[in-house]
Amino acid sequence: MQQLGKLVAVETQMVMLTATLPPSEEDELFRRMHFERGQVRMFRAPTARSNIAYRVVRVEKERKRQEVEATVLAMVQQKVRKYKSGKIVVYGNSVPKVKG
């Protein structure tokens, strides 16, 4: 949990899943993430769903923007072909970068 606050600097929406954080430690997590409790929407439910997948792809800073965009586009197109009726959500640090 030491480095979590640095994620806030990315300035993008966050979805945080945990199976191990007890309610007694939520305030500490919020403090480290620089969140106010009122900013957070909590959902407590099982998260094992076969129709949902999360994937984070790290991109080296040296890669050119066009190269990164081409890689993301290829990944999305491959998933669309595979899951024709499904939905895909791509998160980034600005809306224009991910708008389809």
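Residue numbering for the sequence shown follows full-length UniProt numbering, starting at 1 and increasing by one per position.
For each residue, glycine too, the CB sits at the ideal point set by N, CA and C.
What's the gap between the Cα of residue i and the Cα of residue j?
{"i": "A45", "j": "L17", "result": "10 Å"}
{"i": "V59", "j": "V89", "result": "18 Å"}
{"i": "P22", "j": "R31", "result": "15 Å"}
{"i": "A70", "j": "R63", "result": "11 Å"}
{"i": "R92", "j": "V72", "result": "Residue identity differs from the one stated: residue 92 is Gly in this sequence, not Arg. Rounded to the nearest angstrom, the two C-alpha atoms are 11 Å apart."}
Which one of the options has the shortest CA to CA distance from residue i?
{"i": "Q39", "options": "Q66, T20, M14", "result": "M14"}
{"i": "Y83", "options": "F35, S24, L29, I52", "result": "I52"}
{"i": "V68", "options": "V98, K79, R81, S85", "result": "V98"}
{"i": "residue 131", "options": "S50, V95, P96", "result": "As displayed, the chain neither begins before 1 nor continues past 100, which places residue 131 out of reach and without an answer."}
{"i": "V76", "options": "E28, R55, S24, D27", "result": "R55"}
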